[in-house]
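Peer 1: Got a structure for you, written out below as structure tokens; questions coming shortly.
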Amino acid sequence: MGEDIRLARVARGLSQEEAGRPVGMSRSKVGRIERNEPPAASLIEIVMLAAVVGLEVSIRAYPVGPPHRDRAHAGLLERFRVRIDAGWRWGTEVPLPNRGDLRAWDALIVRPGLRIGVDAETRARDGQELERRFALKERDGGVDRVVMLLSDTRVNRSFLRERAASFAARFPIPGSVALRALADGRDPGGNAVIVA
Numbered sequence: 015m016g017e018d019i020r021l022a023r024v025a026r027g028l029s030q031e032e033a034g035r036p037v038g039m040s041r042s043k044v045g046r047i048e049r050n051e052p053p054a055a056s057l058i059e060i061v062m063l064a065a066v067v068g069l070e071v072s073i074r075a076y077p078v079g080p081p082h083r084d085r086a087h088a089g090l091l092e093r094f095r096v097r098i099d100a101g102w103r104w105g106t107e108v109p110l111p112n113r114g115d116l117r118a119w120d121a122l123i124v125r126p127g128l129r130i131g132v133d134a135e136t137r138a139r140d141g142q143e144l145e146r147r148f149a150l151k152e153r154d155g156g157v158d159r160v161v162m163l164l165s166d167t168r169v170n171r172s173f174l175r176e177r178a179a180s181f182a183a184r185f186p187i188p189g190s191v192a193l194r195a196l197a198d199g200r201d202p203g204g205n206a207v208i209v210a
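Just so we're aligned: the sequence shown equals residues 15 to 210 in this note's numbering.
Written out as structure tokens, the structure reads:
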């Protein structure tokens, strides 16, 4: 981050003193930030200095360890697992195959020549966010199919009815058809939303 700030400052023709003045930073503090030297600057200070030199700081959080799963989430995955054919190889928290990508499938079910990524939602909230997340994970996830697994609740059934038209393109296979195929050990033939 420090090097980015330095390059942007130099490109704008600002000295360290000129860059630090609007945000109340000394020349030496700006220099330490640019060199990534201690004492560390706060995130707020970095964001303010970056703004002075024309940069916008973006932060994103990625899972780095096993997530805390509540009983409802674990139960949803288990209800699904027992309903599919035992011949499917089953793994949970399976990382996406791209180096540096910290996302993971909640479950991955595999047969020779077929990999299906499963993400479970106990309570669906934001349809656009879910569609975006599934589109990106489908693109990056090294799978042939994706399943959105939803808890069988009144709220989720209502959510699905409201999103039916927009979900149809991304999840064209009806959930009951997909679940029957998976229970028989077959390819469901496309992406699906399954309520369990």
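We treat Cβ as the ideally placed atom computed from N, Cα and C, and that holds for glycine.
It should be emphasised that the depicted structure is a prediction, and the values quoted were computed from it without experimental measurement.
(1) Counting Cβ pairs, one atom from each stretch, are 3 or more of them under 8 angstroms apart for the segment 64–78 and the segment 162–181?
(2) Beta-carbon within less than 7 angstroms of arginine 49's beta-carbon, same chain only, minus the 5 sequence neighbours each way: which residues are those?
(3) By a C-beta neighbour count over all protein chains shown, 10 Å radius and 16 as the cutoff for buried, is glutamine 142 buried or exposed?
(4) In the segment 23–90, which residue ranges form an unbroken alpha helix (DSSP H) of at least 4 residues, counting only runs that do not cross its ends?
(5) Under the three-state reduction of DSSP, which class applies to alanine 138: helix, strand or coil?
(6) Can you grab the Cα-Cα spacing for the pair alanine 182 / valine 61, in whole Å?
(7) By a C-beta neighbour count over all protein chains shown, 10 Å radius and 16 as the cutoff for buried, is arginine 23 buried or exposed?
(8) For methionine 15, write down the residues that DSSP places opposite it in a beta bridge.
(9) On the DSSP letters alone, give me the boundaries of the beta strand (DSSP E) that glycine 105 sits inside.
(10) In terms of alpha-carbon separation, which member of Phe185, Arg117, Asp99 lies closest to threonine 106?
(11) Check aspartate 166 in the structure and name its three-state DSSP category.
(12) Please determine, among Thr136, Ala100, Gly199, Lys151, the residue with the shortest C-alpha to C-alpha distance to proline 111.
(13) From the DSSP output, read off the bridge partner residues of aspartate 133.
(14) Output the distance between the C-alpha atoms of leucine 122 and serine 180, rounded to the nearest integer angstrom.
(15) Taking only the alpha-carbon atoms, compute the straight-line gap between proline 100 and glycine 199 and give it to the nearest angstrom.
(16) Using the three-state DSSP reduction, which class does arginine 125 fall into: helix, strand or coil?
(17) Taking C-beta to C-beta, are aspartate 154 and isoleucine 130 nearer than 8 angstroms?
(18) Contact check, alanine 206 vs alanine 192 under 8 angstroms by CB: the rounded distance?
(19) Report all residues from its chain with a CB closer than 6 angstroms to the CB of serine 165; omit the five preceding and five following residues, and keep chain order.
(20) Between which two residues does the beta strand (DSSP E) harbouring alanine 206 extend?
(21) What does the alpha-carbon distance come out to for the pair leucine 57 and arginine 41?
Peer 2: In short, the structure shows the following:
(1) Contact fails: fewer than three Cβ-Cβ distances are below 8 angstroms.
(2) Taken in chain order, the residues that qualify are Gly16.
(3) Sixteen is the threshold: since fewer than 16 other Cβ atoms of the shown chains lie within 10 Å of the Cβ of glutamine 142, the residue is exposed.
(4) The qualifying runs are 30–34, 41–48, 57–66.
(5) In the displayed model, alanine 138 falls within coil according to three-state DSSP, outside both helix and strand.
(6) About 41 angstroms.
(7) Flag for arginine 23 reads buried.
(8) For methionine 15, which the question treats as bridged, DSSP gives no partner whatsoever.
(9) Taken as a continuous stretch (DSSP letters only), the beta strand (DSSP E) holding glycine 105 covers 103–109.
(10) Relative to the Cα of threonine 106, the nearest Cα in the group Phe185, Arg117, Asp99 belongs to Arg117.
(11) Coil at aspartate 166, not helix or strand.
(12) Among Thr136, Ala100, Gly199, Lys151, the Cα nearest to that of proline 111 is on Lys151.
(13) According to DSSP, aspartate 133 bridges with Met162.
(14) Rounded to the nearest angstrom, the two C-alpha atoms are 25 angstroms apart.
(15) Per the sequence shown, residue 100 should be read as alanine rather than proline. Using only the alpha carbons, I get a separation of about 8 angstroms.
(16) Arginine 125: strand per DSSP, three-state reduction.
(17) No; because the gap between Cβ atoms is not below 8 angstroms, this pair is not in contact.
(18) Correct: roughly 3 angstroms between the Cβ atoms.
(19) Counting only Cβ-Cβ distances below 6 angstroms, and skipping sequence neighbours, we find Leu90, Thr136.
(20) Counting along the chain, the beta strand (DSSP E) containing alanine 206 begins and ends at 206–209.
(21) Distance from the CA atom of leucine 57 to the CA atom of arginine 41, rounded to whole angstroms, is 18 angstroms.
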